[in-house]
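One structure below.
So this is what it looks like as structure tokens:
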């Protein structure tokens, strides 16, 4: 064991005197993870690297966005169709169950299983654009957001547009026939999937787009073909049933199997294609999908219109539909008032009368003429409506302004945020949806609100009004039997109301799942439900796939597996386990995600003191959760309730520090000038060694340095001793460029990373400090570098590692120095590394003394990109553009909101500017990429794959350590600051 390895016990959750184990805790007999022979069988079948078997692996995969929790016995990381077929064959032979899981954003437990769970996200991403964007071949682990990003340059997009597009995958969307704000019944997967490739429970692979597919299926699965055609004939022979099926799909409906597949498909393969859509993983695995895409109308006109009553708003919906609105979203008064807890929503909405209801209406147009026509039609509708403006922020106006439109949608999506984030601690959240005839929308809203109040739930409703599709949320304590009974009574009455009073759909777009499976027959009747059971038996005769997810005869099945929500650390307690944070997380494909880090904490708190399950979870948590968190906090940006899991991990790092470590870190901050000089000398010495000791392969010096640091890491602790990487550059110049304080337009602060590290190997041009000074002067905006910058730092070094005393010391020193350098905030401070800009501008604030916080408020802090885009570019003449540049926007740029400035500067320097579609946080995180190289390798794999597909003339970013990380990932392409490229581009001929 390394000398300074921290003890896992430091991460043990604190429990109060009244803590008691949860009834749904993982039982002690599962403490060792996957049982034998299941584990060894699958490792022999697939390889050990494709089998996750630790108890921590099983727990982190046990939760999805639903109120349910089922712990699998094993998790398989399938890489291809042959892996899936092998698992299915094994499960049939051993009479085991299989559930497929991609993003885990499903709201009704469709992504959970109690036996073999197969991860079909990690190795299943990819988009192939076909026919100039008119079609797209998409792998199931691809997010909808990523797929649309690939289609956007062609002016196309997918029809389904779920609100979870940043996280949900195409496989899940098709498997649930999820739709969203605009899809309705005409743009969903059932209507827009041209073909699909599926793996049947038997292992047979069917590509429905293959012209010979029916011939092959008849050869491979004759009984299946015969059975599908027999069911088709039986249905078509019953006119009443045909009429009922057609009527059911006039509304949005994802409850049960798509029985209209038998009416729309003429051949077994055509029927199979329709059945697979919305089958929720119970009939086969969707290995690939080909979509017919739709035009992306970029011109948007949007308005938020307020009505005196819900019925008045509902009455206006058909008129907006007739005017051509793409989206008509409804929010009742309770929803509007609750949304003020979300940043950016006007606070005066809290004063809206209870009866007030709003419609968010959006028109999308292909060109100016169409947009003007849509706006004319909208104004005609508005002229005939009685709108209200109960509070000053309400305008009731149509707008084209992108920022205003973004705010409107943020307010709409605040429905889940406000209720989910403010629910009582310990309660689980259920997001439900149903559909009624649009003409009865107001009546359904009022009936739902009455029902919620009757059963003691917060009364609030929102939804896709254009399609009669309503959403509501329920929060209850699954550990409280009385609360579960209250929930059960509500569900019974709600389902009867929807079916018997409105003849509606119990699931409009979220799919049946475990919550509605017991009510399937209530909606569809005995005849149709029996057909669905026969479909299941025909395609999956051994019942290997997703039992109890869509079909379940137990009338209380929806009450089984409800998850308790133990209270965890306050910063993470609001987590609704939705998974929106996961795609942005750098460690997603290596260890754990933000959601999983919180899920593991909750399981620790379900356990009794000293349980073996809890101890094993703790033993894994240090590396899997704490050490491999980049701490970049981009999870906070995508979390609907704003949870900063990165900040939580930093507090855990602090908890593991010994008093001696904290004192050492504080001394390093106090004497940082010497530390900085020593670091630069160490880089210089290492650079000299590798240049002099080349060996036959030219890399002997790098290998020696790697061996030395590797030995030190094993002896001391990997999380303390950096690993040598060949891409570490030569040292920066000993002296910074000379500048003049007089006539300076700004104070230039070269970050310590740019005072220690030089440019990438082979780079020809000025250093970053030189380039900043020269290009600023060239623009007539000269900058001044203070003589005493050595020994100062943005404090991120200490902040990211959880060294509180050192962080506090350096944060205050930095602000005091900046105050002095800028003459009390008279001049702006320009920082040349985006993470350091974020550190000085935002991260230091909580650690400042009251006096220094007041000083900080008067400072103006600019990132170098903002300085260049706003102050320099308008005053410069571009003389020497390169042909192409590829960009790496850093996570700090996301926080600062200056990704646009990076592109703006790059477009001045290059004819073609490319941002990889898979660009994300590199996870180098100061020195974390040197402490855990595997983290950066995993985080950058997809971006690097895109970058290395071709050559570029320039590789640009604005953060030195991120540039090192990208060089390491791409084979030393020479990433450097966009400021350096700007100096080259504007250099006089």
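Residue numbers (the numbering used here): 50 to 1038. We treat Cβ as the ideally placed atom computed from N, Cα and C, and that holds for glycine.
- Under the three-state reduction of DSSP output, residue 629 falls in the coil class, being neither helix nor strand.
- DSSP places residue 1031 inside the alpha helix (DSSP H), whose first and last residues are 1027-1034.
- Going by DSSP, residue 853 is part of the alpha helix (DSSP H) stretching over 853-870.
- Beta-bridge analysis with DSSP links residue 391 to no other residue.
- The C-beta of residue 77 has fewer than 16 other C-beta atoms within 10 Å across all chains shown, which makes the residue exposed.
- One Cα belongs to residue 721, the other to residue 904, and the distance between them is close to 23 Å.
- Here the alpha carbon of residue 1034 sits roughly 13 Å from the alpha carbon of residue 917.
- Straight across, the Cα-Cα distance linking residue 398 with residue 135 is about 56 Å.
- With respect to the 7 Å criterion, residue 882 and residue 910 are not classified as neighbours on the basis of their beta carbons.
- Excluding the 5 residues flanking it on each side, residue 718 has same chain C-beta neighbours closer than 7 Å at 847, 855, 858 and 859, in chain order.
- Between residue 999 and residue 959, the C-beta gap is not smaller than 7 Å, which leaves the two residues out of contact.
- Looking at the DSSP output, residue 378 bridges to 409 and 513.
- When DSSP reads this structure, residue 795 sits in a beta bridge with 832.
- Sequence-distant Cβ neighbours of residue 119 in its own chain, meaning closer than 8 Å and more than five residues away, are 111, 158, 161, 162, 163 and 610.
- Under the three-state reduction of DSSP output, residue 253 falls in the coil class, being neither helix nor strand.
- Residue 726: member of the alpha helix (DSSP H) spanning 721-741, first to last residue.
- Boundaries of the alpha helix (DSSP H) around residue 193: 193-200.
- With respect to residue 924, residue 1023 sits apart: the two C-beta atoms are not nearer than 7 Å.
- Here residue 351 really is in contact with residue 411; their C-beta atoms are around 4 Å apart, less than 8 Å.
- The C-alpha of residue 208 is placed about 16 Å away from the C-alpha of residue 415.
- Annotation for residue 805: the continuous alpha helix (DSSP H) segment containing it runs 801-805.
- Spatial neighbours of residue 477 in its own chain (CB-CB distance under 8 Å, excluding positions within 5 residues in sequence) are listed in chain order as 116, 524, 525, 526, 527, 611, 612, 613 and 614.
- Note on the segment 604-659: there is no whole beta strand (DSSP E) run with a minimum of 3 residues.
- For the beta strand (DSSP E) assignment, the uninterrupted runs of no fewer than 3 residues enclosed by the segment 877-921 are, from N- to C-terminal side, 878-880 and 910-912.
- Cβ atoms of residue 808 and residue 775 stay farther apart than 8 Å, at about 15 Å.
- Residue 986 is not a Cβ neighbour of residue 1019, given a cutoff of 7 Å.
- Residue ranges of uninterrupted alpha helix (DSSP H) with 4 or more members, entirely inside the segment 301-384 and ordered along the chain, are 310-313, 317-325 and 359-371.
- Taken through DSSP and simplified to helix, strand or coil, residue 684 comes out as helix.
- Judged by beta-carbon spacing, residue 661 lies beyond the 7 Å limit of residue 105, meaning their Cβ atoms are not closer than that value.
- In this structure, DSSP gives residue 187 an extended state, which the three-state scheme calls strand.
- The C-beta of residue 281 has 16 or more other C-beta atoms within 10 Å across all chains shown, which makes the residue buried.
- Counting only runs of 3 or more residues that sit fully inside the segment 194-250, the beta strand (DSSP E) segments are 242-248, in chain order.
- Taking a contact to require three or more Cβ pairs closer than 8 Å, the segment 631-646 and the segment 491-500 do not qualify as touching.
- The DSSP-derived three-state label of residue 518 is strand.
- Burial is judged here by how many other beta carbons sit within 10 angstroms of a residue's own beta carbon; residue 142 has fewer than 16 and is exposed.
- DSSP, reduced to helix, strand and coil, places residue 466 within a helical segment of the structure shown.
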